[in-house]
Amino acid sequence: MSEYADRSEPETGGVAQSPAPVTPADAADAARLVAFGLQPKVQPARDQEYAELLRRYRDDPPFARLADAVATGLGLVVLEVSPRAGMAVTAAEDSLFAVRMGDYARRTSADSGDRFLHGLAHLAVAALAFPRPEDLADDGYIGRVSVNGVDAFVRQACRRLEERAGEQGENTDPETDAPGLEAAWRIWARRSATGATKDARRLAGSTTGIIGKAVSFLTDSGFLQRTGDDHGGTYRTTARYQLQVRDLAGSAAMAELLDLGVVPVTDGTATLLPGEDGDDLELVADAGLPFHS
2 MSEYADRSEP ETGGVAQSPA PVTPADAADA ARLVAFGLQP KVQPARDQEY
52 AELLRRYRDD PPFARLADAV ATGLGLVVLE VSPRAGMAVT AAEDSLFAVR
102 MGDYARRTSA DSGDRFLHGL AHLAVAALAF PRPEDLADDG YIGRVSVNGV
152 DAFVRQACRR LEERAGEQGE NTDPETDAPG LEAAWRIWAR RSATGATKDA
202 RRLAGSTTGI IGKAVSFLTD SGFLQRTGDD HGGTYRTTAR YQLQVRDLAG
252 SAAMAELLDL GVVPVTDGTA TLLPGEDGDD LELVADAGLP FHS
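Numbering-wise (the numbering used here), the sequence shown opens with residue 2 and increments by one.
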C-alpha cells in the first residue's frame, strides 16, 4: 500500500520561518536614513554611512518598509531612494517640516503683500529650469538658471499678460490685495529690478533681490548648486530639485505659467522666445514651488 504524502508542509519538512523581529538597532538605522534625507547637502557619494544605508534600503525590503514608515510618521513623502538623489523626501501639507509661502515671505520681506512675488519667483525658477515635460522625465537632465535670466523670464511673461489685458480692455492697475498671478505680474512689472544703493547692491525688495532670496533658499535646501557670479548668480539643478518639481508639475500654477508661451532658452541666460497665443489664465492664489499654500 502506498504511503500518503502530506504536501501541506514544504518538501524540506521544515517549518516556515516568520520574519525576523524589528530590533531597536533596525529602527535607529531607519531613522538615521530619514535624517540623512532631511540633510539635502549631504551626498551619499561622500558619506560611507549614508551609502551603506541606501544599499540596505535597496537590498533589504523589510528595512525599506521600516524606513518608509518612519518617514510617513514624520509627515514626509518619499520621492526616491537612490545613489543619485539619496533619500529624497518632501513634506506633506500637514507635516511639521512643511514650509508655507506666507511664512517664507514674512521671513524675507517686511511687506507681507510681497508673498505673491516670492511665490512667482519660485514658480519661475522651476519653470525656467525644467521648461519641457521631457526635461523632468530625463534623470540625466540638468537645468541651469540665473538670477537675471529668471527676472527677464518673468518680465516677458508680464508683458504677455499685460498685452492680453489691454486687448480685452481689462484694468491694468495693480491691486496688491488681489490673489494669483494677475496681481503678481502687475506688481512685478512696476517693481524695480535691482533698486538703487550707494554701493550698487540690489535691494531685498527688488525683483532680483526676491529671486536672489529664492535661489539662496533652494541652494540651502539642496535643490540648486551655485556655479558662478555671472548674470546676478548662476545655478544648476540637482536630482532632488528635479524630483520636487516633478512631484508638483501637475499644479495649475506650473502649467499655466508655461502655457503663457514664453519659452526660455535653457542655458540660464535671459534670452527668451515668444510663443503662440493661448487661452486666458486664472492662477490659484499663493502658488509657488516648493511650498504649500
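All C-beta atoms, glycine included, are put in the ideal place defined by N, C-alpha and C.
Excluding five sequence neighbours on each side, which residues of the same chain lie with their C-beta closer than 6 Å to the C-beta of residue i?
i	result
ASP136	TYR142
PRO41	SER222, GLY223, ARG241
ALA190	CYS159
GLN49	none
THR270	Low confidence applies to THR270: its pLDDT is 40, below 50, so where it sits in the model is not reliable enough to give any reading.
GLU81	ALA89, LEU244
PRO45	TYR51, ALA52, LEU55, PRO84, GLY87
ARG165	none
Out of the options, which has the shortest C-alpha to C-alpha gap to residue i?
i	options	result
ALA72	ASP231, ARG57, LEU39	LEU39
SER193	ARG227, SER96, VAL79, VAL155	VAL155
ALA52	ASP30, ALA70, GLY213	ASP30
ASP95	ASP152, GLY76, SER83, LEU129	GLY76
ALA70	ASP60, ALA86, ARG33, GLY144	ARG33
LEU244	LEU162, HIS119, MET88	MET88
ASP60	SER83, VAL43, GLN44	SER83
SER147	HIS119, ASP230, ILE188	ASP230
GLY233	ASP152, GLU163, GLN226, GLU164	ASP152
GLU163	GLU50, LEU225, PRO22, ARG187	ARG187
ARG145	ALA21, THR24, THR238, HIS123	THR238
ALA21	PRO62, HIS123, THR228	PRO62
LEU225	GLN157, ARG161, ARG165, HIS123	HIS123
What is the C-beta distance between residue i and residue j, in whole angstroms, given that I count them as a contact (C-beta under 8 Å)?
i	j	result
TYR242	VAL216	Going by Cβ atoms, the distance from TYR242 to VAL216 rounds to 11 Å, so no, they are not a contact pair.
LEU204	GLY210	5 Å
GLY150	LEU121	Contact doesn't hold; Cβ gap of about 15 Å is too wide.
LEU249	VAL126	Not a contact, Cβ separation roughly 13 Å.
Once DSSP output is grouped into helix, strand and coil, what is the label at residue i?
i	result
LEU225	strand
VAL100	coil
GLY167	helix
GLY206	coil
TYR142	coil
THR220	helix
LEU121	helix
THR239	coil
LEU39	coil
LEU244	helix
ARG116	helix
ALA21	coil
PHE64	helix
VAL266	Its pLDDT being 40, under 50, VAL266 is placed unreliably by the model, and the measurement read from it follows with that caveat. Reduced to three states, the DSSP call for VAL266 is coil.
ALA29	helix
PRO132	coil
ALA190	helix
By Cβ distance below 7 Å, which residues in the same chain neighbour residue i in space, the five residues on each side in sequence not counted?
i	result
ARG56	none
ALA65	TYR58
ARG247	LEU137
ALA86	ALA240, ARG241, LEU244
ASP27	PHE64, LEU67
THR228	THR235, TYR236, ARG237
Within a Cβ cutoff of 8 Å, which residues of the same chain sit near residue i, ignoring the five residues on either side of it in sequence?
i	result
SER207	ARG192, SER193, ALA194, THR195, GLY196
ALA92	GLY76, LEU77, VAL78, PHE98, ALA99, VAL100, HIS293
VAL35	ALA68, VAL71, ALA72, LEU75, LEU77, MET88, VAL90
ASP140	ARG85, ALA240, GLN243
VAL23	PRO63, LEU67
What are the residues that DSSP puts in a beta bridge with residue i?
i	result
VAL82	MET88
LEU77	ALA92
SER147	THR235
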